[in-house]
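Peer 1:
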Amino acid sequence: MKRIYSRLKESRTPLLGHNQAGSTLPLVQENLSCYGLEAPLVQELATSHDDSIQTIVCTLPRPPADLPGNLHQYLLAVQETVRKDLGRLGPHLKSLGSMGAQVESYHRQIFDCFNHLLQKINDHQSLFILMTWVCQTYLSQEMFGPLLLQDLDVRKNVDLLLLTEWVTNAKNKLLHSVKEDFRASVGRILEMDRTHVDGNNEEACIRFYVDIIQLTERLSTSAGRISSSLVSEVREICFQELLNMLRRYKDEQMELLEKKTKMDEREMTYFLKTLKTCKEIKQHVRTKTADVTRSLLQDIVAVLEPMEAFTLTCVKKMMSKVAKSLLKSYFTGKNKQFFYLIHKVKTCFPNEKWCQDVMEKVVVEIYNIIAHTYLTYLVKVRQNKLTNCWSPNIGQTVTEDAELLHDTISELVPSVDLLNPILKVTELLECDSHDMVLLTMGTLLQEFPLLREDPVLQVALLRWNGLSVWQAREVLEAIPGRRHSTSVLWYCCLA
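If you count the sequence shown from 1, you need to add 851 to reach this note's numbering.
Listed below in structure tokens is the structure:
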């Protein structure tokens, strides 16, 4: 077979050449102006030196100048041209005597066009369109329907090695383009987040992770139209670039959060935004375990979890400072309004739906911190002094404070079933037997983790309630499952 390529004049674009006798089979010339394309790029194929064998010419349209913007329309034009070319030649193909070679040559000319397109296209969107068309539409019944009805299955004459080679080259170029484009896109997303660092509306707070997830899913969906294995390769590339970006994001965020922790303005929106971002990205990658290597997912989570922990630590540090400042004043009589602390807690947190899930964890932690700080300052003041400062009924004042704090926290996170450890203090005051003290203290330690981890406060609380050091020790050591304190601790309590 000898292949000769030439461009024919627009006025003469035959589908079949001349035989020895000079006869000509029907010619086909399609009007492609409806696609906004240039005149056809014609390739002529001479099949052999045997003059009795006819020549098939592929009349594919020339690709437009703005190929990425018109690729879909161009492929429709190619599809229409191929269908009509081969459809009209269908009755004559069997009479050619070498139908398989003729159709195979026609397919080769089409792949020359595909190779030309592949060289001109560089963006991932156009590459997805081209690969999807070649893998799904080309060789489909939609493409060659008329010939299939004539019992001429021209699909079997495609050179599968040629097709495989083209798909491999296209896939490699696509994956490289996805990598470069995804890296540039997440870079722009990160830069956008930097420029809106002080934004506190919902859009500014969720844009970062929403844009990342949507970008990843859009690329994966496009890959899924071609092949499920391509989805895995695309996700792997995206998640690797995501990991690289998150490492930079983590360093920047931790530095920024540290600065915000030291500010006098106690506003929690940015901290909640960071926690929400970590949670959503971590949740997203964990749903893709079937498509991405386990080690890569673990690496992403290993970046996000320390950032979550650091953010929560910053929040706890800030609120602990606020609680200590206001409760110290409250228990020394300089400020008799517990409401000041409650108001401060309420104004720190936004009343927004987008952060309710992460607020639950944060607010519960803060509730425990405030309760622990409250009890720490409470036991430092003798009851007779509190009687003078507050009222003769200390239990009633503690109950009112506990209920006010509990109601405030419940208002912030209504979906959380909160315990009220401060109320147990009033129950301790009312205990009139060793067994009742033991039962109440055991319940308090079970429900209040910060007290459970603070043996000094445990002893101080029982001592404040009127027990001697030895009685307090007896009660605590009788509580099942409690970690026993060292002799050094008891020595400190005696001192």
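A virtual CB, placed ideally from N, CA and C, is assigned to each residue, including glycine.
Can you give the Cα-Cα distance for residue 1081 and residue 1075, rounded to whole angstroms?
Peer 2: Position 230 of the sequence shown, counted from the start, is the residue given in the question as residue 1081. Position 224 of the sequence shown, counted from the start, is the residue given in the question as residue 1075. Residue 1081 and residue 1075: Cα-Cα distance of roughly 7 angstroms.
Peer 1: Using beta-carbon positions only, say whether residue 1170 and residue 1217 come within less than 8 angstroms of one another.
Peer 2: On the sequence shown, position 319 is the one that residue 1170 refers to. On the sequence shown, position 366 is the one that residue 1217 refers to. Result yes, Cβ atoms of residue 1170 and residue 1217 sit closer than 8 angstroms.
Peer 1: Which whole-angstrom value describes the C-beta separation of residue 1136 and residue 1090, a residue pair presumed to lie in contact below a C-beta threshold of 8 angstroms?
Peer 2: The count along the sequence shown starts at 1 and reaches residue 1136 at position 285. The count along the sequence shown starts at 1 and reaches residue 1090 at position 239. Contact holds; Cβ gap of about 6 angstroms.
Peer 1: Look at the Cβ atom of residue 1126, then the Cβ atom of residue 1161, and state whether they are nearer than 8 angstroms.
Peer 2: Here the question's residue 1126 lines up with position 275 in the sequence shown. Here the question's residue 1161 lines up with position 310 in the sequence shown. Not in contact: residue 1126 and residue 1161 (Cβ atoms no closer than 8 angstroms).
Peer 1: Take residue 883 and list the residues in its own chain whose beta-carbon comes closer than 6 angstroms to its own, dropping the five residues that flank it on each side.
Peer 2: Along the sequence shown, one-based indexing puts residue 883 at 32. Only weak support is given to the placement of residue 883: the predicted model assigns it a pLDDT of 39, under 50, and the value that follows is read from those uncertain coordinates. Within the same chain, residue 883 has close Cβ partners 912 and 928.
Peer 1: Determine, using beta carbons only, whether residue 1167 comes closer than 8 angstroms to chain B.
Peer 2: Looking at the structure shown, chain B is missing, and only one protein chain is on hand.
Peer 1: Drop a sphere of 10 angstroms on the beta-carbon of residue 874, count the other beta-carbons inside from all chains shown, and report buried for 16 or more, exposed for fewer.
Peer 2: The residue labelled residue 874 in the question sits at position 23 within the sequence shown. Low local confidence applies: a pLDDT of 35 at residue 874 is under 50, so the model's placement there is unreliable, with the coordinate-based value given in what follows. When all chains shown are included, residue 874 counts as exposed.
Peer 1: Are the stretch 1204-1215 and the stretch 1041-1057 touching, with three or more C-beta to C-beta distances below 8 angstroms?
Peer 2: Touching, per the Cβ criterion.
Peer 1: Quick check: the Cα distance between residue 1010 and residue 962, rounded to an integer number of angstroms?
Peer 2: For the purposes of this step, residue 1010 is taken as the residue at position 159 of the sequence shown. For the purposes of this step, residue 962 is taken as the residue at position 111 of the sequence shown. Distance between the alpha carbons of residue 1010 and residue 962: 10 angstroms.
Peer 1: How far does the alpha helix (DSSP H) with residue 1171 in it reach, from first residue to last?
Peer 2: On the sequence shown, position 320 is the one that residue 1171 refers to. Run containing residue 1171: 1145-1182, per the alpha helix (DSSP H) assignment.
Peer 1: In this structure, does DSSP put residue 1272 in helix, strand or coil?
Peer 2: Within the sequence shown, residue 1272 is the residue found at index 421, counting from 1. The answer is coil: DSSP assigns residue 1272 none of H, G, I, E or B.
Peer 1: In whole angstroms, give me the CA-to-CA distance for residue 1257 and residue 1264.
Peer 2: As a first step, residue 1257 is located in the sequence shown; it is residue number 406 there, counting from the start. As a first step, residue 1264 is located in the sequence shown; it is residue number 413 there, counting from the start. Roughly 11 angstroms between the two C-alpha positions.
Peer 1: Please classify residue 1181: is it buried, with 16 or more other beta-carbons within 10 angstroms of its beta-carbon, or exposed?
Peer 2: By 1-based counting over the sequence shown, the position of residue 1181 is 330. Label assigned to residue 1181: buried.
Peer 1: Alpha carbons only, please: which of 1260, 1261 and 1048 is nearest the one belonging to residue 1111?
Peer 2: On the sequence shown, position 260 is the one that residue 1111 refers to. Nearest of 1260, 1261 and 1048 to residue 1111, Cα basis: 1048.
Peer 1: Starting from residue 1137 and walking both ways along the alpha helix (DSSP H), at which residues does that stretch end?
Peer 2: Translated into positions along the sequence shown, residue 1137 becomes position 286. Where residue 1137 is concerned, the enclosing alpha helix (DSSP H) stretches over 1120-1137.
Peer 1: Rounding to the nearest angstrom, what Cα-Cα distance links residue 956 and residue 1034 in this structure?
Peer 2: Taking the sequence shown and counting its residues from 1, the one referred to as residue 956 is at position 105. Taking the sequence shown and counting its residues from 1, the one referred to as residue 1034 is at position 183. C-alpha separation (whole angstroms): 41 angstroms.
Peer 1: Quick check on DSSP: helix, strand or coil for residue 1326?
Peer 2: Residue mapping note: residue 1326 aligns to position 475 of the sequence shown, counting from 1. Three-state DSSP puts residue 1326 in a helix.
Peer 1: I think residue 971 touches residue 914, with their Cβ atoms under 8 angstroms apart; what is that distance to the nearest whole Å?
Peer 2: As a first step, residue 971 is located in the sequence shown; it is residue number 120 there, counting from the start. As a first step, residue 914 is located in the sequence shown; it is residue number 63 there, counting from the start. Between residue 914 and residue 971 the Cβ distance is about 7 angstroms, and since that is below 8 angstroms, they are a contact.
Peer 1: Starting from residue 987, follow the alpha helix (DSSP H) in both directions and report where the run begins and ends.
Peer 2: Counting from one through the sequence shown, the residue named residue 987 turns up at place 136. Segment: none, residue 987 is in no alpha helix (DSSP H) and carries neither H nor E.
Peer 1: Going by C-alpha distance, which of 985, 1191 and 1276 is nearest residue 1290?
Peer 2: For the purposes of this step, residue 1290 is taken as the residue at position 439 of the sequence shown. When each option's Cα is compared against that of residue 1290, the closest is 1276.
Peer 1: With a threshold of 16 other CB atoms inside 10 Å of the CB of residue 1233, please say whether the residue is buried or exposed.
Peer 2: Along the sequence shown, read from residue 1 onward, the residue named residue 1233 stands at position 382. Per the 10 Å Cβ criterion, exposed.
Peer 1: Do you know how far the Cα of residue 969 is from the Cα of residue 1212?
Peer 2: In the sequence shown, the residue the question calls residue 1212 occupies position 361. In the sequence shown, the residue the question calls residue 969 occupies position 118. Cα-Cα distance, rounded: 52 angstroms.
Peer 1: Since residue 1022 is in the alpha helix (DSSP H), which residue starts that stretch and which ends it?
Peer 2: Taking the sequence shown and counting its residues from 1, the one referred to as residue 1022 is at position 171. Residues 1011-1046.
Peer 1: Hey, would you say residue 1300 sits closer than 8 angstroms to residue 1239, going by beta carbons?
Peer 2: Translated into the one-based positions of the sequence shown, residue 1300 becomes position 449. Translated into the one-based positions of the sequence shown, residue 1239 becomes position 388. Their beta carbons are not under 8 angstroms apart, which means residue 1300 does not touch residue 1239 by this criterion.
Peer 1: Alpha carbon to alpha carbon, how far is residue 1014 from residue 952?
Peer 2: To locate residue 1014, count along the sequence shown from 1; it is residue 163. To locate residue 952, count along the sequence shown from 1; it is residue 101. Rounded to the nearest angstrom, the two C-alpha atoms are 16 angstroms apart.
Peer 1: Would you decide whether residue 977 is buried or exposed? Buried here means 16 or more other CB atoms lie within 10 Å of its CB.
Peer 2: In the sequence shown, residue 977 corresponds to position 126, counting from 1. That one is buried.
Peer 1: Check residue 919 in the structure and name its three-state DSSP category.
Peer 2: Working through the sequence shown from its first residue, we reach residue 919 at position 68. Of the three classes helix, strand and coil, the one that applies to residue 919 here is helix, per DSSP.
Peer 1: So, for residue 1024: in the same chain, excluding its five sequence neighbours on each side, which residues have a beta-carbon less than 7 angstroms away from its beta-carbon?
Peer 2: As a first step, residue 1024 must be located in the sequence shown, where it is residue number 173. Once the five neighbours on either side are set aside, the close Cβ partners of residue 1024 are 969 and 978.
Peer 1: Return the CA-CA distance between residue 981 and residue 922, expressed in angstroms with no decimal places.
Peer 2: Stepping through the sequence shown from its first residue, residue 981 is reached at position 130. Stepping through the sequence shown from its first residue, residue 922 is reached at position 71. So the two alpha carbons sit approximately 8 angstroms from each other.
Peer 1: Flag this pair as yes or no: are the beta carbons of residue 1315 and residue 1230 separated by less than 8 angstroms?
Peer 2: Your numbering for residue 1315 matches position 464 in the sequence shown. Your numbering for residue 1230 matches position 379 in the sequence shown. In this structure, residue 1230 lies closer than 8 angstroms to residue 1315 by Cβ.
Peer 1: By the DSSP assignment, the alpha helix (DSSP H) with residue 1310 in it spans what residues?
Peer 2: If you number the sequence shown from 1, residue 1310 lands on position 459. Run containing residue 1310: 1306-1315, per the alpha helix (DSSP H) assignment.
Peer 1: Can you tell me whether DSSP reads residue 912 as helix, strand or coil?
Peer 2: Start at 1 with the first residue of the sequence shown, and residue 912 comes out as number 61. Correct three-state label for residue 912: strand.
Peer 1: Is residue 1307 buried or exposed, if buried means 16 or more other CB atoms sit within 10 Å of its CB?
Peer 2: Here residue 1307 refers to the residue found at position 456 when the sequence shown is read from its first residue. Result: exposed.
Peer 1: Looking at residue 1252: is its Cβ nearer than 8 angstroms to the Cβ of residue 1200?
Peer 2: Within the sequence shown, numbered from 1, the residue matching residue 1252 stands at position 401. Within the sequence shown, numbered from 1, the residue matching residue 1200 stands at position 349. Not a contact, by the Cβ cut-off of 8 angstroms.
Peer 1: Buried or exposed: residue 901, going by 16 or more other Cβ atoms within 10 Å of its Cβ?
Peer 2: Against the sequence shown, residue 901 aligns to sequence position 50. With a pLDDT of only 44 at residue 901, under the threshold of 50, the placement of this residue in the model should not be trusted; the figure read from the coordinates follows. Residue 901 comes out exposed.
Peer 1: Tell me whether residue 1141 is buried or exposed, calling it buried when 16 or more other Cβ atoms sit within 10 Å of its Cβ.
Peer 2: Residue numbering aside, residue 1141 sits at position 290 when the sequence shown is read from its first letter. Here residue 1141 is exposed, its C-beta having fewer than 16 other C-beta atoms within 10 Å.
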